[in-house]
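Input: a single structure, listed below in structure tokens.
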Amino acid sequence: NWPGMGTLYMDGVSTRDYPLIMSMVLISAFVIVVSNLITDLTYALVDPRVRYE
């Protein structure tokens, strides 16, 4: 939970600051992709039935 990120995003939307909106969407997408990758990789450690070929 980053303090102020939601407020910054809403201020950017209300003032139509498109570079800020695009960067916030890019940061959010990056965090989601990285967290999904970490989750998939830890499944192989937790459950030995899952194997990556």
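Here the sequence shown is numbered in my numbering, starting from 15 and rising by one per residue. Note that beta-carbon positions come from the ideal geometry of N, C-alpha and C, so glycine has one too.
Assigned with DSSP and collapsed to three states, T21 falls in helix. With a contact defined as Cβ atoms closer than 8 Å, Y23 and M38 qualify at about 5 Å.
P62 and V45 have their C-alpha atoms spaced approximately 26 Å apart. For V60, the enclosing alpha helix (DSSP H) has its first and last residue at 32-60.
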